[in-house]
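Student: Supplied in structure tokens, the structure appears directly below.
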Amino acid sequence: MSKKKLPFITVILSIIGFILLYLPMFLVVEQSFNASKHGQSWGGFTLDWYTGLADNAMVQTTTVNTLILAVVSTIIATVLGTLLAIGIHRTPWGKKMQYFYDMSINVPVVTPDILMAIALVSVFALFRSWTSLFDPGMLTMVIAHVTLETSFVVLVVQSRLVSIGKDQIEAARDLYASTAGAWFRVIIPQLSTAIISGALLAFTLSLDDFILSFFTSGPESQTLPLYIYGSLKRGISPQIHALSSIIFGLTLFVMVLMVFRGIRKERKLARKL
Amino acid sequence: MKSFDLQVKNVSKSFGEKAVLKGIDVFIKDGQFVTLLGPSGCGKTTLLRIIAGFEKADAGEVILSGEVISNKSPAHRPINTVFQSYALFPHLNVFNNIAFGLKSHKVPKDEIEKRVNAMMEMVNIVDLKNEMPATLSGGQKQRVALARALVNEPDILLLDEPLSALDANLRKKLQVELKEVQKKTDTTFIMVTHDQDEAIAVSDRVLVMYKGAIVQDGTPEDVYEHPVNRFVATFMGECNILESERVTDKLAKVAFGELVLEKDPQWAAAPEGKCCGGIAIRMEDIHVCTAGENFDNNVFDARILERIFRGDYWELIAELPGVGNAESLKLRVMTDPDEIYNPGDQVKLYMEPQYLQVLAD
Amino acid sequence: MQTEVFEGKLTTRARMRKFGVLLTGPGMLWLIVFLLLPTAFLMVLAFAQRGSYGSINWDFSIENLRRLVGFSSFGWSPDNLLILWRSLKIAVITTVLCIAFGLPMAFWIANHGKTMRAFLFALIMVPSCTNLVIRTSAWMTLLGPDMFPAEIARFFGIIAEGESLYPGSFAVYIGMVSSMLPFAVLPLYTSVERLDWGVVEASRDLYAGPLRTFYHGILSQMMPGIVASVILTLVPSLGMYVISDLLGGGKYMLIGNLIQQQFGAAMDWPFGAMLGSVLIICSVISLVIFQRVGGKNFV
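Chains as they are written, first to last, in this note's numbering: chain A, 824 to 1096; chain B, 19 to 379; chain C, 455 to 753.
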């Protein structure tokens, strides 16, 4: 799309939208440097909350749990989701089968989290009558998170697969590649960015989730959001804000890095053309 | 020496209810530059894809050097393709794109290096060796695609509308290069195109396709000058078609009088009053007589209605009054830029018998 | 066996499908065991009864459905229906607000250069990396009596001296929109990028005013994107209860709270399952509607 002149109201509403998204983030960052503990007012600059993180065992264990949960569920969901996307897209399925796949993938995207949570909790209770494997804990949390994330990974990878086009694999075949060769030398390398963004989305979903964890966690598998929710009545410790700021800063940093890479690439392209 | 003759035998293909190819029979001799020419939907691309192995024919066979290859995967056919979209691998640079096929065959590294470099030299892309496809212009991509296919030294190279994405000037230039490369490598080229100028410019032989069948097969001159039917006549370029009735075996009655024809077997054999139908004459083959010029026959009075500037020629719309109760007829005539005729001028038009082409319908 | 060519490979349809089953097998198995089976189980559970001490009594009846619409041993009460109505109201208003902000944002982002566009689009998603609970608690502070949003509201006379914007419906909507907005923008932005501006120019060319141009030229093309956006906002908002819990000051009982209660303190899983089943059916219906209007995938 080339640049258009947009009505002024568009710009105003966009800015308000971004404010709605970022105002809480700025408060979190501000409070992480705020010496006054119950941050209604500015009590001077401090790094205490950051240094204090090193001593807070509860924050540390819950953070580690959160990260383990996010990383493990992301890996499983990415593998399952990528295979699913490829298998759905590159097979001549009949109409009914295709519909079944589409439904199974899209339903988790549109159902409220709480439904997946209670359905899983119920069925875990059922499974528990045969095995203790499904006692509330890290395993049940991972299962819940993977179930949520897989669909999103499929959607992201699928949208890239659609744009790769049939001629790429035909060209590989025409140039004597075997089935495996065509996939590993041509399709997978081109899918890599989509797989990474699918994984990033899965990771984000896991970090953002509260409800699934709330229903499926056990006493030994407290995660950060659960800990925070539990301590809300007492007010959030600024240490949590410090931790959130670190995560926020890291994501922003990665983004800016990616954008700079994009600009460099574009400039290189522009010079050549 | 082995000869790589290609035979397509009675090939048919339908997609669902729609018959795309209806019993195609073609024999292509080794070393020819053959064009499959036709409007979109005529089945030309499907035929090419069947030869390449990307589609399987419902019936019929494809035979290469005496061996039936209909049941072989593209990977097992000594045939390579230049795709319409080029289908360059976006994650590989130019060198690795070209080397792809050789690597599939596990050709030793130094030989790959040698052959790829030689090929890049042939199509003038040596400087682009380390570029990524996204940074290439359309013409460069086209050359890379050509090199990527030819480096495998295929028996037959298939080209699917290879120049359609390029602008007119570049297209003309690459047509010449394509022809040169074909001569240098002495490979059979089979090209699909919908552009009759391109087909005429590059090929040794043109197969005109229409509605799933080959309607005419011949040299470019042949197809252009002697179209067999209305479709070929109009598809190959601007053309006047005169509705006619047979008078004698060399005489036809048209709206504006009687025309003397060269002897045509079909025409001669037909009963009086009825024959094949139209007679085609190209606009550049209608001559506007200058003062004092004299011809034995086929000279008709006409009035100029319009003059259209076409750059390197004038196009005139001339009206020829009907004879008897026939209505007058408008013809398109081409004249040189220095011959100026104005609307309203009365002229005499001469149609040489050898350019009057009897059509089958 | 009838062979065909698929993507440059001569094979049979059956062989390709076998390979497809191999690829989709692990994922589908997972989804069947942990998504379809639990959902089906939930729907069965919905017709069971609560036993003593939270156990489940497998007597099938539609008792839970009757309770859902308000019948109990004490006669009929509108409480549950009011909760449903309130949940629906909040979800609908949130969705309308999200589209109202999301649509201009999608256009605004798409109106930048290629790199800037990618950057702004990613900025939409960044806040989601911070947990919902943390962001919501930030709003609790932000909307407090001494912070600047309250001061601004006071300046315009919207609230009286000493009052704050939190807790209350205003705070709930702010929190809901703030957390749902990214999911509304996502599909909208995709469909703005795919817009055929030729149609818009044609509409202008045919003397349509800005409003008619927007309606016929733009909205008609974006319909699948808008429906996707509505579903992605509406359905999750229906089940969302954490935000209303924290920002509504405990006054906002929603269907989400009700469900959570059944699985928590009330220990009445079958009734919770019935509430959930109704919500699932709503979700699936909305998905079918989405596919009817021509959408295929949400992203």
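For every residue, glycine included, the Cβ atom is placed at its ideal position computed from N, Cα and C. Here the structure is a predicted model, which is why all the values come from computation and not from measurement.
Which same chain residues end up closer than 7 Å to C/L496 when comparing Cβ atoms and leaving out the 5 residues on each side of it in sequence?
Tutor: A727, G730 and S731
Student: If we ignore side chains and look at the alpha-carbon of each, how far apart do B/P245 and A/Q981 end up?
Tutor: 49 Å
Student: For chain C, find out if any of its Cβ atoms is closer than 8 Å to the Cβ of B/P92; answer yes or no.
Tutor: yes
Student: Give, in chain order, every residue of the region 985 to 1011 of chain A whose Cβ lies closer than 8 Å to some Cβ of chain B.
Tutor: For the region 985 to 1011 of chain A, which is checked against every Cβ of chain B, the residues closer than 8 Å are G988, D990, Q991, E993, A994, A995, R996, D997, L998, Y999, A1000, S1001, G1004, R1008 and V1009.
Student: Just to confirm the assignment, what range does the beta strand (DSSP E) spanning B/M150 have?
Tutor: Note, B/M150: premise wrong, no beta strand (DSSP E); not H, not E.
Student: Taking 8 Å as the CB-CB cut-off, is A/P915 touching chain C?
Tutor: yes
Student: Could you tell me which chain B residues have their CB closer than 7 Å to the CB of A/Q1013, listed as they occur along the chain?
Tutor: P108 and H109
Student: Can you grab the Cα-Cα spacing for the pair B/I116 / C/G481, in whole Å?
Tutor: 37 Å
Student: Judging by CA-CA distance, which residue of A/G960, A/G1053 and A/E853 is the nearest neighbour of A/S1044?
Tutor: A/G960
Student: Quick one: what's got a C-beta closer than 7 Å to C/A564's C-beta in the same chain, skipping five residues either side?
Tutor: R571, Y643, V646 and E647
Student: What residues in the region 1014 to 1032 of chain A bring their beta carbon closer than 7 Å to a beta carbon of chain C?
Tutor: T1027, L1030 and D1031
Student: Please classify C/L483 as buried or exposed, where buried requires at least 16 neighbouring CB atoms within 10 angstroms.
Tutor: exposed
Student: Counting only beta-carbon atoms, is C/R471 nearer than 8 Å to chain A?
Tutor: By this cut-off, C/R471 is an interface position.
Student: Give me the subset of the region 66 to 78 of chain B whose CB atoms are less than 8 Å from a CB atom of chain C, sorted by chain position.
Tutor: G71, F72, E73 and K74
Student: Under three-state DSSP, which class holds B/E131?
Tutor: helix
Student: Within the 8 Å Cβ cut-off, does C/P678 reach chain F?
Tutor: Going by chain labels, chain F is absent from the structure shown, which instead holds the protein chains A, B and C.
Student: From A/F950 to C/T478, what does the alpha carbon distance come to, in whole angstroms?
Tutor: 24 Å
Student: What is the rounded straight-line gap between the Cα of B/M19 and the Cα of B/A136?
Tutor: With a pLDDT of 47 at B/M19, under the threshold of 50, the modelled position of this residue cannot be trusted; read the value that follows with caution. Going from the Cα of B/M19 to the Cα of B/A136 covers about 24 Å.
Student: Judging by CA-CA distance, which residue of B/H94, B/G275 and B/N258 is the nearest neighbour of B/R264?
Tutor: B/G275
Student: Can you confirm whether B/N89, when its beta carbon is compared against all beta carbons of chain C, has any partner nearer than 8 Å?
Tutor: yes
Student: Using a Cβ-Cβ cut-off of less than 9 Å, give me the residues of the region 551 to 578 of chain C that come near chain B, in sequence order.
Tutor: none
Student: Is there a C-beta anywhere in chain B that falls below 8 Å from the one on C/T760?
Tutor: As shown, chain C starts at 455 and ends at 753. That puts residue 760 of chain C outside it, with no answer to give.
Student: Alpha carbons only, please: which of B/V112, B/A219 and B/N28 is nearest the one belonging to B/N148?
Tutor: B/V112
Student: Name the chain A residues whose beta carbon is nearer than 7 Å to that of C/K463?
Tutor: R996 and T1002
Student: Select from B/H212, B/G295, B/M140 and B/D356 the residue whose C-alpha is nearest the C-alpha of B/G59.
Tutor: B/H212
Student: Given a limit of 9 Å on CB to CB distance, which residues of the region 590 to 602 of chain C reach chain A?
Tutor: Flagged, chain order: T590, S591, A592, W593, M594, T595, L596, G598, P599, D600 and M601.
Student: Go ahead and label B/K202 buried or exposed: buried means 16 or more other beta carbons lie within 10 angstroms of its beta carbon, across all protein chains shown.
Tutor: exposed
Student: Flag this pair as touching only if the region 874 to 881 of chain A and the region 354 to 367 of chain B have three or more C-beta atom pairs under 8 Å; answer yes or no.
Tutor: no
Student: Under the three-state reduction of DSSP, which class applies to A/M824: helix, strand or coil?
Tutor: For A/M824, the pLDDT reaches just 47, beneath the cut-off of 50, and the residue's location in the model is therefore unreliable, although a value from the coordinates is still provided. Reduced to three states, the DSSP call for A/M824 is coil.
Student: Can you tell me whether A/V887 is buried or exposed, with buried defined as 16 or more other CB within 10 angstroms of its CB?
Tutor: exposed
Student: Smallest Cα separation from B/S346: which of B/R321, B/T153, B/D363 and B/D240?
Tutor: Taking only the C-alpha atoms, the option nearest B/S346 is B/R321.
Student: B/S30 bridges to which residues according to DSSP?
Tutor: B/A77
Student: Which stretch, first to last residue, makes up the beta strand (DSSP E) that contains B/T353?
Tutor: L347 to T353
Student: Say whether chain C places a C-beta atom closer than 8 Å to the C-beta of A/M961.
Tutor: no
Student: If you compare alpha carbons, which of A/G988, A/K860, A/A1022 and A/I891 is closest to A/T1046?
Tutor: The shortest C-alpha separation from A/T1046 is found at A/I891.
Student: Applying the criterion that 16 or more other CB atoms from any shown protein chain within 10 Å of the CB defines a buried residue, is C/A468 buried or exposed?
Tutor: exposed
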